[in-house]
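With the first letter of the sequence shown counted as 1, position 79 gets the number 104 in my numbering; the numbers rise by one all the way through.
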Amino acid sequence: MGATNCPETPRQKMIQMMYLVYTAMLALNVSANILDAFVVVDDTLVTSTNIAANQNANDYQWFVGQKTILGAKVDEAYGKAQILKKESNAMVKYIEKMRNDLIFTVDGDSLVEKEVEGKKVKTIKSVGDIVKKDNFDIPTDYMINKGNAKKLKEEIKKYKANVLKLAKKEDQKRLEEAMGLNVDATYLSNDKEKQDWETHNFDHIIAAASATLLNKMIGEVKNAESVMLNYLKASISADDFKFDNVSGRSIPKSQMVFSGDSYEADIIVAAYDSKSTPEVYYKMGADTLTEEGLAGATKLEGENGLVKLKIGTGGTGEQKYAGLIKIMDPNGQPKYYGFRDKYTVLTPSATIAADKMNVLYAGIANPVSVSGPVSPDKLSVSFPGCNASSQGGGKFNVSVPASLIGKTVTATVAAKVGESTKTMGSTTFRVKRVPDPRAVLGANIRGGKRAKAEILANPVIRATMGDDFVYDLKWSVNSYRVILVVKGMEEPAIVCQGGALSEKAKAAIQKASANTVIYFSDIKVSSEAGSRTLDEFSVRVR
């Protein structure tokens with residue numbers, strides 16, 4: 026399909042007007058006011074280019090949407106749009122690099138420090154930031170003597186040739202004129218002598234003008250890209266009915282529905298015409314629906330090419346339906362396209378189980394698992410008065426404050442299904458205080474007669490939970506006292522810091538005679554459950 030004409034846009038006219046102003050400025054002495062004018066022109070060009078870049082980005086997104094809707098029909102145009110995007114981005118980057126290199130050559134540095142959102146960052150200099158704006162010797166040497174202007178000219182010609190290949194031959198000449206970026210024209214100097222593009226634009230041109238001109242070329246690339254995008258967009262028609270594959274499609278909001286709710290779905294024709302008014306027929310329990318079976322089907326009216334389907338859930342379990350979409354072709358004849366789908370109706374339910382036991386302990390993280398008839402990432406759980414943090418996969422850590430000890434907590438699970446949230450169930454937990462750990466010497470020494478060698482071979486007090494406490498709760502021994510009772514006489518207490526016996530305590534035990542009783546008392550321990558003082562225990566030297 027041929028493209029529509031590409032008239033000059035107001036933005037293009039503005040750019041051309043600014044360029045004429047810029048050219049006129051070159052004929053004048055370079056005063057401070059003229060240098061300031063270049064700054065204004067350059068800033069305006071950057072703004073205009075950004076607007077064009079945003080519009081082009083929207084056009085590329087439009088192609089993504091058309092590919093989603095129309096499928097293979099737009100593959101060719103979509104593929105060409107991606108090539109255009111790649112070529113245009115490469116051309117812009119080439120000019121940007123040349124502009125930055127030019128500024129670096131002029132000033133010895135292409136970066137400037139500016140404050141952005143309260144932070145100082147290094148950015149590429151704008152024309153206003155160039156120190157030697159009025160210098161023309163260095164830009165001339167860089168662009169003309171070193172051949173960079175000629176290289177730029179060849180890159181522009183290559184870019185135009187590559188993107189014009191995306192168009193039909195009969196459209197290429199018209200598009201080439203609309204694209205601009207004409208580097209093969211003949212130019213005249215003030216003395217009416219012929220000049221090539223490189224000399225006319227960059228010979229004895231001040232740095233501010235050269236940088237501005239390069240920004241103008243970036244804008245022209247974006248304009249050329251826009252011209253080609255409009256051409257490619259015009260190759261996709263949304264008004265005819267010439268599809269190579271048309272199918273009915275049911276798009277459910279969710280295929281899992283809870284009893285008492287409604288099943289909802291959008292019914293569309295892929296590559297549909299928004300100006301048509303389709304009719305939709307469906308029948309519950311059917312695998313297919315034919316034209317002959319329409320008499321017993323439910324009819325739905327639609328508008329703007331879209332029909333909303335809403336079915337009461339009825340009983341639980343899997344439900345299925347089939348239908349037909351009726352639209353009129355360009356010749357006014359009815360066409361039918363079939364669709365079918367199924368969904369599951371569930372009764373709200375959920376399972377909440379403590380990973381360790383049937384209670385929650387205050388002061389520690391209680392691991393809890395939550396499951397239901399939907400994926401774990403759609404489940405949420407509420408423990409009133411507590412802090413429940415998700416660990417992923419339906420796992421939660423629940424922290425319960427000490428104020429709830431002796432009370433109950435009712436946990437409620439909800440599931441996110443489609444656009445709604447449904448309560449799945451609840452469970453009540455008892456809240457208990459974490460029991461005190463048991464203090465032992467060494468591996469498991471607590472009471473009885475022990476040889477001094479055995480006692481000294483286990484010189485550490487440990488605090489351990491009972492076998493009926495299955496949480497992995499670690500206790501640290503902070504301090505305790507060791508008291509030796511020799512022949513009924515109590516010796517002064519020896520204070521030990523941490524779990525290990527102090528050297529003084531070891532020496533006292535080493536000297537102890539048979540039947541000496543050793544008491545371990547005032548045992549202070551701590552964990553995430555808090556601080557505790559444990560019961561004392563004793564051993565007798567054998």
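Where a beta carbon is used, it is the ideal one built from N, C-alpha and C, also for glycine.
On a predicted model such as this, the values are computed, not experimentally measured, just so you know.
Distance, residue j Cα to residue i Cα
i      : j      : result
Val384 : Ser551 : 22 Å
Leu127 : Ala97  : 46 Å
Ala530 : Thr489 : 22 Å
Asp312 : Leu404 : 33 Å
His229 : Ile76  : 31 Å
Asn240 : Leu177 : 13 Å
Ile292 : Leu334 : 7 Å
Ile367 : Glu289 : For the record, residue 367 in the displayed sequence is Lys; it is not Ile. Going by the C-alpha atoms only, they are around 12 Å apart.
Tyr346 : Phe494 : 54 Å
Val113 : Asp134 : Per the sequence shown, residue 113 should be read as Ser rather than Val. Going from the Cα of Ser113 to the Cα of Asp134 covers about 27 Å.
Ile430 : Lys499 : 21 Å
Val66  : Asp159 : 16 Å
Asp547 : Val465 : 13 Å
Leu314 : Lys447 : 33 Å
Ser407 : Ser451 : 9 Å
Ala52  : Trp222 : For Ala52, the pLDDT reaches just 41, beneath the cut-off of 50, and the residue's location in the model is therefore unreliable, although a value from the coordinates is still provided. Approximately 17 Å between the Cα atoms of the pair.
Asn248 : Phe161 : 29 Å
Arg557 : Thr338 : 57 Å
Asn483 : Glu553 : 26 Å
Glu316 : Leu331 : 20 Å
Gly523 : Val423 : 30 Å
Ala210 : Leu109 : 24 Å
Met253 : Leu70  : 21 Å
Asp216 : Ala232 : 23 Å
Asn30  : Val305 : The predicted position of Asn30 is uncertain, since its pLDDT is 46 and thus under 50; a value taken from the coordinates is nonetheless stated next. Whole-angstrom Cα-Cα distance: 39 Å.
Tyr103 : Asp166 : 43 Å
Tyr362 : Gln416 : 46 Å
Gly327 : Leu349 : 13 Å
Thr93  : Thr237 : 40 Å
Glu245 : Ser235 : 15 Å
Lys308 : Gly321 : 8 Å
Val64  : His225 : 21 Å
Asp68  : Arg199 : 31 Å
Arg455 : Lys432 : 6 Å
Ala263 : Gln91  : The predicted position of Ala263 is uncertain, since its pLDDT is 42 and thus under 50; a value taken from the coordinates is nonetheless stated next. Computed Cα separation, rounded: 10 Å.
Asp269 : Gln197 : Confidence in Asp269 is poor, its pLDDT being 44 and thus under 50, which makes the residue's placement too unreliable to answer from.
Val152 : Met123 : 14 Å
Ser214 : Glu202 : 24 Å
Cβ pair residue i, residue j closer than 8 Å
i      : j      : result
Glu121 : Ile243 : yes
Val485 : Phe545 : no
Gly410 : Val434 : yes
Ala537 : Lys477 : yes
Lys139 : Val146 : yes
Pro303 : Lys360 : no
Pro471 : Gly491 : Strictly speaking, residue 471 in this sequence is Arg, with Pro absent from that position. Against a cut-off of 8 Å, the Cβ pair of Gly491 and Arg471 comes out as no contact.
Lys175 : Met204 : no
Val442 : Val399 : yes
Lys150 : Leu136 : yes
Gln80  : Ser260 : no
Tyr505 : Lys549 : yes
Val511 : Thr541 : yes
Leu481 : Ile543 : no
Cβ-based burial, residue i [other Cβ within 10 Å; buried from 16]
i      : result
Asp84  : buried
Met116 : buried
Lys183 : exposed
Pro164 : buried
Asn207 : exposed
Ser73  : buried
Asp497 : exposed
Gly418 : exposed
Gly555 : exposed
Gln107 : exposed
Met514 : exposed
Thr323 : exposed
Asn141 : Per the sequence shown, the amino acid found at residue 141 is Val instead of Asn. Exposed, since its Cβ has fewer than 16 Cβ neighbours within 10 Å.
Val89  : exposed
Asn412 : exposed
Cβ distance (whole Å) where residue i is taken to contact residue j below 8 Å
i      : j      : result
Ala387 : Pro426 : 6 Å
Leu191 : Leu257 : 7 Å
Val566 : Ala532 : Wrong, their Cβ atoms sit about 14 Å apart, outside the cutoff.
CB contact below 8 Å: residue i versus chain D
i      : result
Gly133 : Absence of chain D from the displayed structure is noted, only one protein chain being present.
TODO: Could you name each continuous alpha helix (DSSP H) segment of 4 residues or more that falls completely within the segment 460-534, going from the start of the chain to the end?
DONE: You should have 477-481.
TODO: Entirely within the segment 160-193 and at least 3 residues each: give me those beta strand (DSSP E) ranges in chain order.
DONE: Fully enclosed beta strand (DSSP E) runs of 3 or longer: not present.
Open item on the list: Give the list of continuous beta strand (DSSP E) stretches no shorter than 3 residues that lie fully inside the segment 75-158.
Closed with: Every unbroken stretch of the beta strand (DSSP E) spanning 3 or more residues and falling wholly within the segment 75-158 is given here in chain order: 136-141 and 144-149.
TODO: Enumerate, from N- to C-terminal direction, the unbroken beta strand (DSSP E) stretches of 3 or more residues contained entirely within the segment 378-426.
DONE: Counting only runs of 3 or more, we get 384-386, 390-396, 404-407, 412-417 and 420-424.
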